[in-house]
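Worksheet: one structure, shown below.
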Amino acid sequence: MDGKPTKVRNVFIGLAISLCTIILVLAVLEFSSRMLFGSAIRYSYPSPSLWLMKPSQEGFTLPGKPLAAINEQGFRGYPFTKRKAASQRIAFLGDSYAMGYGVGDNETIPLLLQQYLNAQRKNVEVLNLGVPGYGHQQMVALYKGIAQGFSPDVVILVTSEFNLLRQPAQADDHNLLQRFLRSILRRSTFAALMKPRFENFRWLIFGNAQQPASEGYQMLWENDKLHFDDLAASVRENNRSLVIIPYIEKEREKEFLRWFQEWGSKKQDVLIVPNIFEAMEQYQQDHPEAVLQIPGDGHPTALANNITAAVVGQLILEKKLLG
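With the working numbering applied, the sequence shown corresponds to residues 850 to 1172, in that order.
So, in structure tokens, the structure goes:
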């Protein structure tokens, strides 16, 4: 009789020791990672479905890559003012592709687009309003809540097929736990180091089994199309033009572009950029050794961003969206 409580107690003691050991090891790994690579970009969470980068900070987007400077408004790059610093202003919405994962402050699509347009004697400033991890609903909410307050003349949104999977969180226990874990992991340098390895392992085990079939993407598009209807209406109310960049990286993703083209053909003052994939393919053919995706991650390199900026800039000039 006396032996059973002792065994139970020993089990709990063993579990406690194991847990403390794991916590200690993780703490050492985190400390060592931060000593080598610094801290990741920090976020605030004003609502269940929205998060923002904390203002006035500097941190990495990918370990070992250039640091990102976040301005006092909580966005990448130089500080924005309500009053335009140039004669014309572009608001550039999106996720990590817009924000510029793994590239320097001067190598993001918005900054390179600004340089391209100003080289054509256009006095333009492009505001980088990209927030990593955003889905379409969040991008539209950011425009209506923040971006339109900067009075842009043109609104640009870059997106990829993957963003269809980023549906708004529901306020239930599972998502509360998910948001808590996400906030912890985003603070961790060690987690950022291990993420590519985890993704590669998951792909080896599961392949693309966790991705929906094409019919599933179609259903997600029908849902997200309502958010784009909302965005187009809001932009048009302000007498502005809307440019959508479907960032196509694979042949099979061209259906995603087609959905946007069909949707955009029924809208006024909406321009769909049709040829990012072709521009990348052509450049790769002409320069076989060019690296257009960050190895081990997949985000666009500075070179790829430069190609995108040139394609978009040329289209903006051809369509005379700027005065």
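For glycine and all other residues, C-beta sits at the position ideal for the given N, C-alpha and C.
Contact set for L899: own chain, Cβ-Cβ below 7 Å, skip 5 residues either direction: Q987 and A990
Closest Cα partner of G982 within the set G923, L916, Q906 and L901: Ranked by Cα distance from G982, the first of G923, L916, Q906 and L901 is L901.
Selection from A889, N1155, L942 and M1068 that minimises the alpha carbon distance to Y1132: N1155
Three-state secondary structure assigned by DSSP to I1093: Look at I1093 here: in three-state DSSP terms it is strand.
D1135 burial status per 10 Å Cβ neighbour count (16 or more: buried): exposed
Buried versus exposed, by CB contacts within 10 Å (16 or more), Q969: Looking at its Cβ environment, which holds fewer than 16 other Cβ atoms inside 10 Å, Q969 is exposed.
Same chain only: Cβ atoms within 6 Å of S888, ignoring 5 sequence neighbours per side: G908
Beta-carbon contacts of L916 that lie in its chain and below 6 Å, excluding the five residues immediately before and after: E907 and F909.
Enclosing alpha helix (DSSP H) for S945 [first to last residue]: Taken as a continuous stretch (DSSP letters only), the alpha helix (DSSP H) holding S945 covers S945 to M948.
Beta carbon of L942 nearer than 9 Å to that of L978: Contact: yes.
Sufficient close CB pairs (3 or more, under 8 Å) joining the stretch 1146 to 1166 to the stretch 958 to 974: In this structure the stretch 1146 to 1166 touches the stretch 958 to 974; the number of beta carbon pairs closer than 8 Å is three or more.
For A889: DSSP bridge partner residues: F909
Selection from Y1096, F1109 and I1165 that minimises the alpha carbon distance to D1073: When each option's Cα is compared against that of D1073, the closest is F1109.
C-alpha distance - F1126 paired with L868, whole-angstrom precision: 49 Å
Beta-carbon gap between V1007 and T1150 smaller than 9 Å: Contact flag unset, no.
For F999 and A1082, believed in contact at Cβ under 8 Å, the rounded distance: Going by Cβ atoms, the distance from A1082 to F999 rounds to 19 Å, so no, they are not a contact pair.
W1070 versus I871 - alpha carbon distance: 42 Å
Test item: CB-CB of V1084 and L1075 under 9 Å: no
Alpha helix (DSSP H) segment containing G994, residue limits: H985 to G994
G1056 to E1098 span [Cα, whole Å]: For G1056, the predicted model reports a pLDDT of 44, less than 50, meaning its position is unreliable and no value from the coordinates is stated.
Terminal residues of the beta strand (DSSP E) in which I919 lies: L916 to I919
Backbone secondary structure at L1171 - three-state DSSP: coil
Straight-line gap, A947 to P854 (C-alpha atoms, nearest Å): Between A947 and P854, the C-alpha separation is close to 59 Å.
Cβ-based neighbour list, L1053, same chain, cut-off 7 Å, excluding 5 preceding and 5 following: Residue confidence is low: L1053 scores 42 on pLDDT, short of 50, so the model does not pin down where it sits. No coordinate-derived value is stated.
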